[in-house]
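28 is the number of the first residue of the sequence shown in the working numbering; add one for each residue after it.
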Amino acid sequence: MKISVIGCGYLGAVHAATLASMGHDVVGIDTDADKVGHLSRGFAPFFEPGLEDLLADGRDSGRLAFSTDMDQAADADVHFLCVGTPQSKTSDLADLGYLEAATRAVGARAKAGSAVVGKSTVPVGTVHRVREWLAGADVALAWNPEFLRQGTAVKDSLVPDRLVYGVEDTDDAAGPGSAGNGTVRTLDEVYAPLLHAGVPRIVTSFATAELIKSAANAYLATKLSYINAMAELCDAAGADVTQLSAAMGLDPRIGQRYLAAGLGFGGGCLPKDIRSFRAQARELAVDSVDAWMGLVDSINVGQRGRVAALAAELCGGAVSGRRIAVLGAAFKPDTDDIRDSPALDVAVRLAGAGAHVVVTDPKAINNAWMRYPQLQFESCVAAAVEGAEIVLLLTEWPQFRSLDPQDLVGRVRRPVIIDARNVLSRTEWRAAGWTVHGVGTGDAARVQVA
């Protein structure tokens, strides 16, 4: 099939490259000429494991191209809308401005009988607005939410957990290849290799498809904030949340995933999605969801303040004038994305309190140093920790998890580390002479200040 992907950010670039790998002819459209230039040469404008290999394969096969010219998408059979829906600057709701612009541009060019398929995460009811923006174009409409995770987006695209189609008529809920809804058949053709591999396919109403991504993220955020609330309780009681969560996770009704206490979640999706979900609940007068999401958000943000306060306590009550090393700038490992990064939030809080903060990260330094001039950045851990009075591990990169404590102990002024992701061997680090404090590991009851 001939397919266009409108918007080539974290979602669109991966989606375009994945579709090309399935044998489709794909053109990715974006207004950012620099981004398009990088993608056209087979280079990803952001760090995502495996993406550049997929881009190079698509370019070499001739099935994948990128352009800033929307007219290049005019003859596509299917148009995927993959533009960003960031949080509004004036409310918790999603800003649909980019989606509206992209939809109107597609509607003005799409050939009769083609399909417009939304993948962006949107508030429930958005499809009705998308219909208006298409301004009577003779196209089918569907919503196909994405479930990509940064750092594993390529794998999530090539081997997804499920495919969801939101369509006008859900009567065709039979297996791939069945007669009935033409939009479903079109999407089945797009995703034929995945369906043949046994990926589950769910056909829903528009409203259900719009809610699925936000509902999934709300659940994951709830699980993360729950275990962080338990971490605070464990610190107060002198218990160990890592052992508590390990025992809880063995219950098959609960499971271990997303049950790791630490600094909490960030990034460009989870925080803004739960705030949008909360705003939607408020508009629909579902007060319980509004209050619930508010509590989840506040627990998550509160973790950052707790870690900053612990750093101050370990420095004798104030960090002013202290040299502090921060390991991590990206909001999670295997990405260079610093949007709503918990690590940088803590670093900025400490710098604002007068500390000299030095940050290192394997991939996110270039993105961070331009935005945070009040912080110092170093490309390697050894330089970052030199002379530090306290070290904070805030992003759980494999490079940080595998650090040799003996190699670093002679570089710091004081061998004190806050493992805010609970990923280090406390036994090993303490044997090397370090004072180690985790989150929810009972250390708060034993803090000794200097």
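Just so it is clear, CB atoms sit at the ideal spot from N, CA and C, and this is done for glycine as well. Since this is a predicted model, take the numbers as computed values, not measurements.
G36 is the residue among V439, V157, G36 whose C-alpha sits nearest the C-alpha of P113. The region 343–358 makes contact with the region 371–382; the number of CB pairs closer than 8 Å reaches 3 or more.
Short of 6 Å from the beta carbon of I392, and not among the five residues preceding or following it, lie these beta carbons of its own chain, in chain order: F404. Bridge partners of R350 according to DSSP: H383.
Fewer than three Cβ pairs drawn from the region 137–148 and the region 327–347 lie within less than 8 Å of each other, which leaves the two stretches out of contact. If you draw a 10 Å sphere on the C-beta of Y399, you find 16 or more other C-beta atoms in it, and that means buried. A distance below 6 Å between beta-carbons, with the five flanking residues on each side excluded, links K250 to the following residues of its chain, in chain order: Y285. Sequence-distant partners of D52 (beyond 5 residues in either direction) whose C-beta falls short of 6 Å from its own C-beta, in its chain, are K29, R90.
In terms of Cβ geometry, T387 and S368 do not form a close pair [threshold 8 Å]. Annotated three-state conformation of T462 is strand, per DSSP. Checking the DSSP bridge columns, you'll see V443 partnered with T462. A Cβ-Cβ contact shorter than 8 Å links I239 with P172. Per DSSP, reduced to three states, the secondary structure at Y246 is helical.
Looking at the backbone, the Cα of V412 and that of M49 are separated by about 46 Å. If you check the CB distance, G178 and K62 do not come in under 8 Å. For Y192, the three-state secondary structure derived from DSSP is strand. If you ignore the 5 residues before and after L435, its C-beta comes within less than 6 Å of the C-beta of V412, all in its own chain and listed in chain order. L419 is bridged by DSSP to V353, I445. Residue pairing for T231: DSSP places it in a beta bridge opposite G193.
Shown here, Q177 sits in coil according to DSSP, grouped into three states, outside any helix or strand. Contact between A60 and A40 fails: their C-beta atoms lie close to 15 Å from each other, not under 8 Å. For F427, same chain residues with a beta-carbon under 8 Å away, outside a window of 5 residues either side, are L354, G355, V408, L420, V450 in chain order. When rounded, the separation of the alpha-carbon atoms in E423 and L402 is 20 Å. If you check the CB distance, F107 and S31 come in under 8 Å. Taking 8 Å as the upper bound for CB-CB distance, G467 and D262 are in contact here, some 6 Å apart. Pairing L341 with D324, the inter-Cα distance amounts to about 27 Å. Spanning the alpha carbons of T462 and G344 requires a straight line of approximately 17 Å. Taking 8 Å as the cut-off, the beta carbon of A248 is found closer than this to the beta carbon of L297. Excluding sequence positions up to five before and after D119, its CB lies within less than 7 Å of the CB of R302, S303, R305, A306, all in the same chain and listed in chain order.
In this structure, the beta-carbon distance from G193 to A169 falls below 8 Å.
Taken through DSSP and simplified to helix, strand or coil, Q433 comes out as helix. For F292, no beta strand (DSSP E) run applies, since DSSP gives it neither H nor E. In the DSSP annotation of this structure, the continuous segment of the beta strand (DSSP E) that includes V105 starts and ends at 105–108. As the crow flies, the alpha-carbon of A318 is around 44 Å from that of D80. The C-beta distance from I417 to R438 rounds to 13 Å, too long to meet the 8 Å contact threshold. Nearest to A245 by alpha-carbon distance, out of P279, C109, L126, A308, is A308.
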